[in-house]
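6 protein chains.
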Amino acid sequence: MTTEERAKRGGEVIRSLNNGQPQPNLERMREEFPFLAEATEAYALGDVWSRPGLDTRTRQLAAVAAFAAIGETAFMKIHAGYALNAGVSEDELKEIVYMVTVPAGFPRAITAARTLSELFAERRP
Amino acid sequence: MTTEERAKRGGEVIRSLNNGQPQPNLERMREEFPFLAEATEAYALGDVWSRPGLDTRTRQLAAVAAFAAIGETAFMKIHAGYALNAGVSEDELKEIVYMVTVPAGFPRAITAARTLSELFAERRP
Amino acid sequence: MTTEERAKRGGEVIRSLNNGQPQPNLERMREEFPFLAEATEAYALGDVWSRPGLDTRTRQLAAVAAFAAIGETAFMKIHAGYALNAGVSEDELKEIVYMVTVPAGFPRAITAARTLSELFAERRP
Amino acid sequence: MTTEERAKRGGEVIRSLNNGQPQPNLERMREEFPFLAEATEAYALGDVWSRPGLDTRTRQLAAVAAFAAIGETAFMKIHAGYALNAGVSEDELKEIVYMVTVPAGFPRAITAARTLSELFAERRP
Amino acid sequence: MTTEERAKRGGEVIRSLNNGQPQPNLERMREEFPFLAEATEAYALGDVWSRPGLDTRTRQLAAVAAFAAIGETAFMKIHAGYALNAGVSEDELKEIVYMVTVPAGFPRAITAARTLSELFAERRP
Amino acid sequence: MTTEERAKRGGEVIRSLNNGQPQPNLERMREEFPFLAEATEAYALGDVWSRPGLDTRTRQLAAVAAFAAIGETAFMKIHAGYALNAGVSEDELKEIVYMVTVPAGFPRAITAARTLSELFAERRP
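Residue numbers (our numbering), protein chains in the order written: chain R, 359 to 483; chain Z, 359 to 483; chain G, 359 to 483; chain E, 359 to 483; chain U, 359 to 483; chain L, 359 to 483.
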């Protein structure tokens, strides 16, 4: 598979996670940091996120747990949105946040909870 | 619910995850650090891990992702063992490790991979 | 002790630290993340922070050191405020920040210093 | 060498990195956190950053890598500015960010990329 | 104050913390990493740890909390030993570990507990 | 470029860094974690480490700084060995370690120093 094909596959992964839309942060990065945009698209999304061994719901819940545990809440928010798009419920995301108190402590979990609150509010009609 | 009941529920969670056995590290901690043993049993396992909102497979995969992302491989190994006991396949655990390269980088994923290799070898008959 | 009693004890710990007031962030969390609010109140504050083995001043200074060292400055600010309420001086909090350069480096200490500056300014009449 | 001489040497290091100007954040810290300002000036800049064993370009690129990898982007931005002042090109800073995906994962690298974008834009005439 | 005087002051701080003995790890570092040994002695111990604004017990308990929260258990062990030398009780150190579950999660606290167990055992006659 | 070509390029990068030898840890990973071995080879080494925008000495010194700052000393040791192979001096590596005290604190720098001591000793005839 060529890098171009991998990037194309990554673009398809994004649109399948993001209700058919491209990811605006990735698009903005393309001009000034082209290799990082390509690596995100071809490696992170095209290679890793397209792998068939985990269903989308499970991968997104595990990714939300990892992003919350390391304190990367902006990325957690994007992936929690993808999780909701894939049919994960708000309550399941809350359970991930509750679980994160154990490996990573209360500040990481409370910050993740606030970020999910924002996400839930933004998606309400 | 009293603390005693919560600790009892935590003990049941451990045995259900650990093929009916208690967790030896927790038992060792009980004498010298009684509050930490109680908090692990009553809060971490009794309160958090007994919640019904996530099935055991999903919670264990998300916990493995979180422990691997923050570099807590000894805890990742214990929870990966619980995941295998709950019917998660070795291949699904490998997919979690592959995913961890994206949020947390290659050293965390490679260290997690080596730890899973040890776990898999220890469980082979 | 029941969970309700532990949460009540946690509420008393907060009010004793916070000049008789509830903690507004905790109250906001109660509706959308009820288990996390309960865990913070019953476990973190009710179980851990009510323990008699450390006086309030020492526990708050150690907690400020821990929150500063891991970069959780919003939580550091709350606990530094509790420390001031308990009679810790601004100068003692500054000493904690100076000490944090050694275990955690200059960025964590400088960020903590800025956060303490904000806190001190907010509390000036 | 006395502490006063070390601090003076640190002040010279800053001005040589910062186009002849003092560092405003350091000046602000001087009144309220005098020991931290002195430690930054005398130890971090005066002792460490004045050492002759690395040329300025290499030290700044390595420092940018370290600050980016630990997620301290405000400090990364300051040191990336010093790097540009020392003749490092924007493209070399981008290469550091690309490299950071490997040790520290994509969120740290993407956040560093956005911070560099801000820095580059602020310096455009 | 000259660097030599600061290093001498640091050596006195170590001996006052360490029952009159030098710190063997620091001595080993002196030949191959002379600047790091000097910085540890003159800055970390001579400048920071000699400051009069915190009593030894409080500084050591706060330092143990910080080292435990960031997972630097070898350094936590050294400073917990200094704490015991300064009259801190084993029970007070245990309280610090219990507190660390809140900011930094259970793995960091449990690992710190095991390290304290080793330290306590090594010091038993 | 196909993934096979990228992996081949990564293999060449390793051999050019490692005195013509393959990297034994990578080879061991190939059987049980084939995607992680491929990602390390094709992405980390083939895509990132083969980029021409930084010379090998600068990239290795920046990578050593990043690995040391995040506490990944096993990976730091491998990349410090590659740095020595590329003509970086022991003294330049020591300067990186001294610098790391500023962004990441003394424990990370002291641990990195011990790891470099091991590496230097292993390479002495």
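From the three backbone atoms N, C-alpha and C, an ideal C-beta is built for every residue, glycine too.
The region 432–476 of chain L contains, as complete alpha helix (DSSP H) runs of 4+ residues, the segments 448–462 (chain order).
For G/K435, no Cβ of chain E is located within less than 8 Å of the residue's own Cβ. Within the same chain, Cβ atoms closer than 8 Å to the Cβ of G/A427 are found at V458, P461, A462, R466, the five residues on either side in sequence being excluded.
Note that the C-beta distance between L/L384 and L/E370 is not below 8 Å.
Look at the beta carbons and you see the region 470–481 of chain Z touching the region 386–396 of chain L: at least three pairs across the two are nearer than 8 Å. CA-to-CA, the gap between R/S447 and G/P410 works out to about 41 Å. The residue among R/E453, R/A444, R/I454, R/S475 with its C-alpha nearest the C-alpha of R/G378 is R/A444. According to DSSP, Z/T360 shares a beta bridge with G/T360.
Using a Cβ distance threshold of 8 Å, L/K435 and L/L477 count as a contacting pair. In the DSSP assignment, E/T398 falls outside any alpha helix (DSSP H), carrying neither H nor E. Our two residues, E/G439 and E/L375, have alpha carbons roughly 9 Å apart in a direct line. Cβ atoms of E/Y456 and L/V422 stay farther apart than 8 Å, at about 17 Å. Within the same chain, Cβ atoms closer than 7 Å to the Cβ of U/R367 are found at G404, S408, the five residues on either side in sequence being excluded.
Nearest CB-CB separation between L/V371 and chain E: not below the 8 Å threshold.
In chain order, F391, F393, L394, A397 make up the part of chain U whose C-beta sits under 9 Å from the C-beta of L/Y456. Per the coordinates, the alpha-carbon of Z/E363 lies some 10 Å from the alpha-carbon of G/T361. Nearest CB-CB separation between L/F464 and chain G: below the 8 Å threshold. Of all residues in the region 402–431 of chain R, the ones placed with a Cβ closer than 7 Å to any Cβ belonging to chain Z are A402, V406, R409, G411, L412, T416, R417, L419, A420, A421, A423, A424, F425, A427, I428, E430, in chain order. E/G368 sits in a helix when the DSSP states are folded into three classes. U/P382 sits in a helix when the DSSP states are folded into three classes. Ranking R/F433, R/M359, R/L451, R/I372 by CA distance to the CA of Z/D413 puts R/L451 first.
In terms of beta-carbon proximity, L/T459 lines the interface with chain U, with at least one pair separated by less than 8 Å. Interface annotation, U/E448: not in contact with chain G, CB-CB separation never under 8 Å. G/A424 sits away from U/L419, with the two beta carbons spaced by 8 Å or more. Here the alpha carbon of Z/A479 sits roughly 49 Å from the alpha carbon of G/Q381.
Chain-ordered, the chain Z residues with CB closer than 9 Å to the CB of L/M387 read I468, A471, R472, S475. Within 10 angstroms of the beta-carbon of Z/R481 lie fewer than 16 other beta-carbons, which makes it exposed.
The beta carbon of E/A365 sits closer than 7 Å to the beta carbons of E396, E399, A400, G404 from its chain, once the five residues preceding and following it are set aside; these are given in chain order. The C-beta distance from L/T416 to E/T416 rounds to 6 Å, short enough to meet the 8 Å contact threshold.
It is roughly 52 Å from the alpha-carbon of Z/F391 to the alpha-carbon of R/P392. Proximity of Z/K366 to chain L, defined by a Cβ-Cβ separation below 8 Å, is not satisfied. Closest option to G/G429, judged by alpha-carbon separation, among G/F464, G/P483, G/M359, G/S475: G/F464.
Nearest to E/E453 by alpha-carbon distance, out of L/M359, L/R373, L/I372, L/A402, is L/A402.
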